[in-house]
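Residue numbers (my numbering), protein chains in the order written: chain D, 41 to 258; chain U, -12 to 237.
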Amino acid sequence: MDWTPLILSAKLAIWTMLLIPILASPMASLLAFGRFKGKSLLDAVVTLPMVMPPTVLGFALLVVMGPRGYLGGLWEDVTGDRLVFSFTGILLASLIFNLPFAVQPLRASLEKLDPRLLESAAVLGLSPLSTFFRIVLPNCLGGLAAASILVFAHSLGEFGVILMVGGSIPGQTQVASVAIFEAVEALRFDDAFRMSAALIPVCFAVLLIINKINARRA
Amino acid sequence: MLDVKMTKRLKHFDLDIAFNCAPGELTAVIGPSGAGKTTLVRLLAGLERPDGGGITFGNTVWADVEKRVFLPARKRDLGLVFQDYTLFPHLTIRKNVAFAASNEDRVDELMTMFGIRHLESSRPSDISGGERQRAAFCQALARDPVLLLLDEPFSALDVANRRNLRSCLKELKNELHIPILHVTHDLDEALFLGDTILAVESGRIAPNWLKEQQAIQRRLAVSGLAREEGAAVSRAEEPRPVERALLGCG
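Here it is as structure tokens:
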């Protein structure tokens, strides 16, 4: 059996897990603490990938990230490479698709934080940025860990968005879920079974870890 | 010198207050619940903006609504102790006290003075309420603040801890030589600690409130004592010398 799709899935999941806090932390902070017009609209936009059919989101991303799309065109001008049907493309799609899955637990964790701690930090002379790194982040590590692990598990199982944006290029964009689908299509049930069996314990372990984190937070 | 003359629209009334507080002076702000005492502290701390007037500390304008000046909390160099302990839960007691400290020697000195040196490596969740409030005092004082704001700091403590911390504060008052604003709803506490007493009711200074409260207390004491032992009645009827002085009736 070719293990490349599984390795590619793991690579995508790890990169998504590592990069998602950069996008999700400011967004969750904005939604948790921000008081501005259009907050519920922003909330809906961020949550949209959670309820949107993955193929619809994938198609929208394909349009934006394609060579004629705004983002794809800009990417091609700067790097000379195509964004769609590349690992970078599926990574970007994965980050957008996973954003609500990271923002929701992080936001819940931030909203649980005693606002007087932030006031106390301000009175003690801390700037908003220092307050974020010295007070907010250490007190929301549980939420951040839960968000990262959830995103890791979710990335492992991505199918619709990846297929639309990345296609199925072996070694580049053919992740495990796509490879399993193609194996079944080609009646290679043994390969499909082995890859599926390899993914199940990983997903199970992830759920156990999340439960443990949630129990500690409670 | 802290100079305050400001207004703030609140839900049920307008806070409209003017007073000053000199270095080394403790102003006890007293009044019923919901009188606007905590809002006053938050305005002085820079956690809320006034709607009119302003706050000046020495030569620095902290807030001036007309000139659109507002110095944020982090730039006011003040110490604030909340009603219930707001220590950072992820830090040890020493790290909490040293969080914004001017130097480590001051941290040692304050922790010794407040009797929490042995708790250095404990977390806030591992110690008692009284110990947490001592640590909160140390944290606020360790940065050598120019003004100390205390928002009912003893209200969640038991009697023994309250008495002990009151005495600590009285000693500190002379040593620090900074203006101290102490919000309380405990009349005895205000009389024990305050150099000046500022009674606040529905957002305004209420000069008669304190006298009325004392009259009520005296009546209660008289009736209670009269039932138990008649001899004590004459003592309870008259205000103590300190009360007479503060009320300006001596």
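Using N, Cα and C, we set each Cβ at its ideal position, and we do this for glycine too.
According to the DSSP assignment, residue 202(D) belongs to the alpha helix (DSSP H) that extends over 200 to 206.
Short of 7 Å from the beta carbon of residue 105(U), and not among the five residues preceding or following it, lies no beta carbon of its own chain.
Under the three-state reduction of DSSP output, residue 191(U) falls in the strand class. For residue 110(U), the closest Cβ of chain D is not nearer than 8 Å. Using beta-carbon distances, residue 225(D) does not count as an interface residue toward chain U, since no partner is under 8 Å.
Within 9 Å of the CB of residue 176(D), no CB atom of chain U is found; the nearest one sits about 10 Å away.
Residue 87(U) and residue 177(U) have their C-alpha atoms some 29 Å from each other. For residue 223(D), same chain residues with a beta-carbon under 8 Å away, outside a window of 5 residues either side, are 229, 231, 232, 235 in chain order.
The Cβ atoms of residue 22(U) and residue 142(U) lie no closer than 8 Å to each other. Along the segment 74 to 92 of chain U, going in chain order, the ones with a CB nearer than 9 Å to a CB of chain D are 74, 75, 76, 77, 78, 86, 87. Taking a Cβ-Cβ threshold of 9 Å, the residues of chain D close to residue 67(U) are 159, 160, 163, 164, in chain order. Rounded to whole angstroms, the gap between the alpha carbons of residue 99(D) and residue 205(D) is 7 Å. Burial state of residue 24(U) is buried, judged by a 10 Å Cβ sphere holding 16 or more other Cβ atoms.
With contacts defined as CB atoms closer than 8 Å, residue 107(U) and residue 81(U) qualify as a contacting pair. The DSSP-derived three-state label of residue 77(D) is coil.
Taking C-beta atoms as the reference points, residue 134(U) and residue 165(U) count as a pair closer than 8 Å.
With a threshold of 16 other beta carbon atoms within 10 Å, residue 244(D) falls short and is exposed. Beta bridge pairing from DSSP links residue 169(U) with 15(U), 137(U). In the same chain as residue 138(U), and ignoring 5 residues on each side of it, the C-beta atoms closer than 8 Å to its own belong to 24, 25, 28, 67, 68, 69, 70, 170, in chain order. The beta-carbon of residue 75(D) is placed no less than 8 Å from the nearest beta-carbon of chain U. Taking 8 Å as the CB threshold, residue 32(U) lines the interface with chain D. Nearest CB-CB separation between residue 122(U) and chain D: not below the 8 Å threshold.
Burial state of residue 154(U) is exposed, judged by a 10 Å Cβ sphere holding fewer than 16 other Cβ atoms.
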